[in-house]
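**Q** The opening residue of the sequence shown carries number 2 in our numbering; numbering runs sequentially from there. From the three backbone atoms N, C-alpha and C, an ideal C-beta is built for every residue, glycine too.
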Amino acid sequence: MNIIIFGPPGAGKGTQSSFLINNFNFFQLSTGDLLRNELKSGSKLASEIEVLMNSGKLVSDDIINNLIEKKLEDKSIENRIIFDGFPRNIDQAKTLDNLLEKHSQSISLVLNLKVDYSILTKRISGRLSCSVCKKTFNEFFDPPTTCEDPNCKSRTLVKRSDDNEDTVSKRLKTYDESTLPILDYYSAKNIVSDVDAMGQIAMVSDQISNIIKDLKS
Ligand code: AMP
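#1: Taking the straight line between their C-alpha atoms, what separation do you get for L59 and L53?
#2: Within 10 angstroms of its Cβ, does Q201 collect 16 or more other Cβ (buried), or is it exposed?
#3: Taking only the alpha-carbon atoms, compute the straight-line gap between N38 and E51 and give it to the nearest angstrom.
#4: Please state whether the Cβ-Cβ distance between N3 and S107 is less than 8 angstroms.
#5: Please state whether DSSP places V193 in a helix, a strand or coil.
#6: Quick check on DSSP: helix, strand or coil for L30?
#7: On a CA-only basis, which of S105, L121, G86 is nearest L68? Give me that one, please.
#8: Output the boundary residues of the beta strand (DSSP E) element that contains V116.
#9: Which residues in the same chain have their Cβ closer than 8 angstroms to the Cβ of S194, if we skip the five residues on either side of it in sequence?
#10: Report the three-state DSSP secondary structure of F84 (helix, strand or coil).
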């Protein structure tokens, strides 16, 4: 089963993807993470990507579709992918359908994480993550001094350069204009399940767990 985890920046897509990896053996395919890896190459393309990311705009479909296409060739993740941060516009959604069909796969479920925008700025601008295991913390709600995950020995917490108030409002605008309309595309296929993502992390995970179990049964 392949899933799209959908919602605005700060809705908890990364956190709930970790839950799905640990409890249902999914593999998270985050285009944001793939792009941040590309940035480390220091190439000219990398600096163009960085400018777009820091301005809250979308990186070109060609670059993104290429990254996804390469990953779909990996048989070890077949039919257990969580698409996180992708697709982000209708063209990407259609490309994804075509690519999956080429690999005899499809999307079974779109988890629509619903959150009031009023809380997103604080969630995102306070976000910190472990540079090794990617576990996230929050300066305001859950202030850490180090990564406290017992399985991770890291002591380095990092802040994303686009997690600041100015960029957040631009990312939300991009989400409203380009990404939100995709929901209609997937609703027409009857595969969208809404999740109340305002509450505690465990409460959100419980809802997701029930949805997945229902689908599997
Ligand atoms: P994320 O980590 O998903 O919040 O993505 C961070 C930034 O990477 C976004 O604000 C975009 O600039 C870029 N990005 C990530 N995924 C995509 C995508 N599917 N299409 C275009 N740009 C993307």
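**A** By the coordinates alone:
#1: To locate residue 59, count along the sequence shown from 1; it is residue 58. To locate residue 53, count along the sequence shown from 1; it is residue 52. Near 7 angstroms, if we compare the C-alpha coordinates of L53 and L59.
#2: Locating residue 201 in the sequence shown gives position 200, where the first residue counts as 1. Label assigned to Q201: exposed.
#3: For this step, residue 38 is matched to residue 37 along the sequence shown. For this step, residue 51 is matched to residue 50 along the sequence shown. Rounded to whole angstroms, N38 to E51 spans 11 angstroms at the Cα level.
#4: What you label residue 3 is simply residue 2 of the sequence shown in a count that begins at 1. What you label residue 107 is simply residue 106 of the sequence shown in a count that begins at 1. Yes, the Cβ-Cβ distance between N3 and S107 is below 8 angstroms.
#5: Locating residue 193 in the sequence shown gives position 192, where the first residue counts as 1. Assignment of V193 by DSSP, reduced to helix, strand and coil, places it in the strand class.
#6: Walking along the sequence shown from the start, residue 30 turns up at place 29. Reduced to three states, the DSSP call for L30 is strand.
#7: For the purposes of this step, residue 68 is taken as residue 67 along the sequence shown, with counting starting at 1. Distances from the alpha-carbon of L68 to those of S105, L121, G86 put G86 closest.
#8: Looking up residue 116 in the sequence shown gives position 115. First-last for V116: undefined, no H or E at that position.
#9: Along the sequence shown, one-based indexing puts residue 194 at 193. These residues qualify, in order along the chain: L110, V111, L112, N113, I212.
#10: Position 83 of the sequence shown, counted from the first residue, corresponds to residue 84. Correct three-state label for F84: strand.
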